[in-house]
Amino acid sequence: MSTATRRNFLKTGLFLAGGAGLGWAAIHQASRRRRPDMPHPDLGPLKPVTDPTTGLDLLSLPEGFRYLTMGWAGQAMSDGFAGPQKADGMGVVAENDGLVTLVRNHELRGSSGPIGNPSAAYDNTGGGTTTLLFDSRRERLEASFISLNGTLNNCAGGVTPWGTWLSCEEGPLTPEFLHHGNEARQATWAIENAQRKHGYVFEVNPGGVPDPQPIVPMGQFYHEAVAIDESSGIAYMTEDRAPFAGFYRYLPNSPGKLADGGRLQMMRVKGASVLADHVPLFEPMMVDWVDIAEPDQGHTPGTHDCSGVVQQGIDAGATAFRSLEGCSIEGADLFFTSKNGGRNYAGMIFHYDLDAQTVQAIWEAPGNGGFTGPDNITVSPRGSLMICEDNESSLNRGQQISGMDRQGQVFAFCRFNPEFKGTYLGHDLVRTSLFSEWAGVCFSKDGQWMFANMFRPGFTCAITGPWGRGPV
Numbered sequence: 028m029s030t031a032t033r034r035n036f037l038k039t040g041l042f043l044a045g046g047a048g049l050g051w052a053a054i055h056q057a058s059r060r061r062r063p064d065m066p067h068p069d070l071g072p073l074k075p076v077t078d079p080t081t082g083l084d085l086l087s088l089p090e091g092f093r094y095l096t097m098g099w100a101g102q103a104m105s106d107g108f109a110g111p112q113k114a115d116g117m118g119v120v121a122e123n124d125g126l127v128t129l130v131r132n133h134e135l136r137g138s139s140g141p142i143g144n145p146s147a148a149y150d151n152t153g154g155g156t157t158t159l160l161f162d163s164r165r166e167r168l169e170a171s172f173i174s175l176n177g178t179l180n181n182c183a184g185g186v187t188p189w190g191t192w193l194s195c196e197e198g199p200l201t202p203e204f205l206h207h208g209n210e211a212r213q214a215t216w217a218i219e220n221a222q223r224k225h226g227y228v229f230e231v232n233p234g235g236v237p238d239p240q241p242i243v244p245m246g247q248f249y250h251e252a253v254a255i256d257e258s259s260g261i262a263y264m265t266e267d268r269a270p271f272a273g274f275y276r277y278l279p280n281s282p283g284k285l286a287d288g289g290r291l292q293m294m295r296v297k298g299a300s301v302l303a304d305h306v307p308l309f310e311p312m313m314v315d316w317v318d319i320a321e322p323d324q325g326h327t328p329g330t331h332d333c334s335g336v337v338q339q340g341i342d343a344g345a346t347a348f349r350s351l352e353g354c355s356i357e358g359a360d361l362f363f364t365s366k367n368g369g370r371n372y373a374g375m376i377f378h379y380d381l382d383a384q385t386v387q388a389i390w391e392a393p394g395n396g397g398f399t400g401p402d403n404i405t406v407s408p409r410g411s412l413m414i415c416e417d418n419e420s421s422l423n424r425g426q427q428i429s430g431m432d433r434q435g436q437v438f439a440f441c442r443f444n445p446e447f448k449g450t451y452l453g454h455d456l457v458r459t460s461l462f463s464e465w466a467g468v469c470f471s472k473d474g475q476w477m478f479a480n481m482f483r484p485g486f487t488c489a490i491t492g493p494w495g496r497g498p499v
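What follows is the structure in structure tokens.
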């Protein structure tokens, strides 16, 4: 389906404020009628399904759907290195004759040495990416290897229209300011041996990056996700920071060549200095943008407070959000999540209309024990939003991937089996079943496979089934 066709498809349903669509008020009522942890009526209940890779009933899915796992942490990869842990953001960067190329982040810290080949590393820190080559016809992983190393806390990112992956570091680090920092944070991150600055975006060729270099003009801050408007080349970025975070855009000097420089800006919502707790639903608000004069100022001068960029925006009148996470774009419709924003501190989803230059909150987690902590997000080939859960409340249930259909109903689609007890490759999957978040949800270009990562211990799920039976 072409971008233009999908744009029209979206506008006839969930994201049309009037006319043929239900409209935001009707969508609001629809979203209130259904608990977000309930299945969609067209798909039916979720039932345990066996993973052919492990022989274990790891996931629960609607009837007719199946999956396989691949790229487990600790498994030997094609390059001889062990697969890294903590699989986070991910995207499909290419697809040719059934061979799907994915690039996957690993949110690793530490500074005792990089994953993979040290001679190709940016620094001696533990983060980076792996590339997975999945044969969708034979339904198997054909190859996997490290494609970026020596980075820090690679959280989410985004696919570029020209077939690369943007990997985002979550957290500014400037080694010469370490003595100003929070000692507990330094101990937790184990970054005392880092040699270079971090908190940047790196562009990853799926075949590997022999000399990784940060795209400094895109800013040094708590980067989370990136979505690029294909028509303009502008990159939109979220920041995972609390209590205040920014929503940014980067206007490259040369579209398609992000490293050639550009201008960083932060969103200003007219009449709203903060959109964190009590955010009105379904009320479009006009936006404009303020320049960030010093995008490489990750810390307030003389400190290691990690707020140098967002504070510049706030001082210039930009709007502060809270803990922004996933970001996905389809045509002129852009969606981003706040993991713990809203009145219930359980999460929100925002819609930004690039044409109208308006932003509005379109969903607020009820905070009643159901789905909370919306994280990575993508638009499915059939127009639904697919949302990864990062539930911080330690509820006695498996975390899930939920969807929001074009009528505004939020529903459970995939859940890690909370009753599972067992191990695989030495990993305790009991803890995984209760506490590990979902990340990196994305689709193959033919729409037949959905991919997502289980953060801990770190593996990828490839899901397929009767997609046309429901809204996914």
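Start counting at 1 in the sequence shown, then tack on 27, and there's your number in the working numbering.
Using N, Cα and C, we set each Cβ at its ideal position, and we do this for glycine too.
- request: Output yes or no for whether 8 Å exceeds the beta carbon distance between alanine 109 and glycine 101.
  value: yes
Integer-rounded CB distance, given that leucine 179 should sit under 8 Å from leucine 200: Leucine 200 to leucine 179, Cβ: 6 Å. Contact.
message: Output needed for serine 471: all residues of its chain with C-beta closer than 7 Å, excluding positions within five of it in sequence on either side, in chain order.
response: Val119, Glu122, Val127, Ser163
message: Which residue wins for smallest C-alpha separation from valine 430, given the options Gln112, Trp476, Val468?
response: Contrary to the premise, residue 430 reads as glycine rather than valine in this sequence. Comparing Cα-Cα distances from glycine 430 to each of Gln112, Trp476, Val468, the minimum goes to Val468.
message: Rounded to the nearest angstrom, what separates leucine 88 and isoleucine 142 at their Cα positions?
response: 34 Å
field: Backbone CA spacing between alanine 439 and valine 253 [nearest angstrom]
entry: Going by the C-alpha atoms only, they are around 25 Å apart.
Beta-bridge partners of valine 130, as assigned by DSSP: Gly118, Thr158
query: Where does the unbroken beta strand (DSSP E) through leucine 83 begin, and where does it stop?
result: No beta strand (DSSP E) holds leucine 83; DSSP gives it neither H nor E.
Delimiting residues of the beta strand (DSSP E) encompassing glutamine 387: 385–391
message: Out of Asp382, Ala383, Thr399, which one is the CA nearest neighbour of tryptophan 390?
response: Thr399
query: Taking buried to mean at least 16 other C-beta atoms within 10 Å of its own C-beta, is histidine 305 buried or exposed?
result: Exposed: under 16 other Cβ atoms inside 10 Å.
- request: Output yes or no for whether 8 Å exceeds the beta carbon distance between leucine 175 and phenylalanine 229.
  value: yes
message: Tell me the DSSP secondary structure of aspartate 342 in three-state form.
response: helix
Whether glycine 503 touches valine 317 by CB criterion (8 Å): Residue numbering for the chain in the displayed model covers 28 to 499; residue 503 lies beyond these limits and cannot be assessed.
- request: Mind the definition here: the segment 337–357 touches the segment 401–416 only if three or more C-beta pairs lie below 8 Å; say whether that holds.
  value: yes
field: In DSSP terms, what lysine 74 is bridged to
entry: Leu88
query: Over what stretch of residues does the beta strand (DSSP E) that includes threonine 459 continue unbroken?
result: Note, threonine 459: premise wrong, no beta strand (DSSP E); alpha helix (DSSP H) at 456–462.
- prompt: Among Asn220, His250, Lys224, Leu129, which residue has its Cα nearest to the Cα of glycine 190?
  reply: Leu129
field: Residues that tyrosine 227 bridges to, as DSSP identifies them
entry: Tyrosine 227 is not bridged to any residue.
query: When DSSP labels each residue in this structure, what does glycine 177 get in the three-state scheme?
result: strand
task: Sort Asp124, Phe172, His225, Glu203 by Cα distance to arginine 136 and report the nearest one.
output: His225
query: In whole angstroms, what separates the C-alpha of glutamate 166 from that of leucine 456?
result: 24 Å
query: Is it right to say lysine 448 is buried, meaning 16 or more other beta carbons lie within 10 angstroms of its own, or is it exposed?
result: exposed
task: Kindly indicate which three-state DSSP category leucine 452 falls into: helix, strand or coil?
output: DSSP places leucine 452 in coil when its eight states are reduced to three.
task: Measure the C-alpha to C-alpha separation of glycine 485 and arginine 93 and round it to an integer number of angstroms.
output: 19 Å
- request: Using a threshold of 8 Å, state whether the C-beta atoms of methionine 104 and phenylalanine 172 are closer than that.
  value: Between methionine 104 and phenylalanine 172, the gap from beta carbon to beta carbon is short of 8 Å.
message: I need the straight-line Cα distance from glutamate 416 to glutamate 257, nearest angstrom please.
response: 27 Å
query: Going by Cα to Cα distance, which pick from Gly435, Gly474, Tyr227 is closest to aspartate 150?
result: It is Tyr227 whose Cα lies nearest to the Cα of aspartate 150.
- prompt: Can you list, in chain order, the residues of its chain whose CB lies under 6 Å from that of glycine 495, leaving out five sequence neighbours each side?
  reply: Same-chain partners within the cutoff: there are none.
query: Helix, strand or coil for glycine 335 per DSSP?
result: helix
query: CA-CA distance, glycine 71 and glycine 497?
result: 9 Å
message: Using a Cβ-Cβ cutoff of less than 8 Å, which residues in the same chain neighbour arginine 458 once the five nearest sequence positions on both sides are dropped?
response: Arg483
task: Can you give me the start and stop residues for the beta strand (DSSP E) that serine 300 sits inside?
output: Counting along the chain, serine 300 falls outside any beta strand (DSSP E), and DSSP gives it neither H nor E.
field: arginine 276 to glycine 116 span [Cα, whole Å]
entry: 19 Å
message: For aspartate 318, report the span of its beta strand (DSSP E) as first-last.
response: 312–318
query: Quick one: is glutamate 321 buried, meaning 16 or more other Cβ sit within 10 Å of its Cβ, or exposed?
result: exposed
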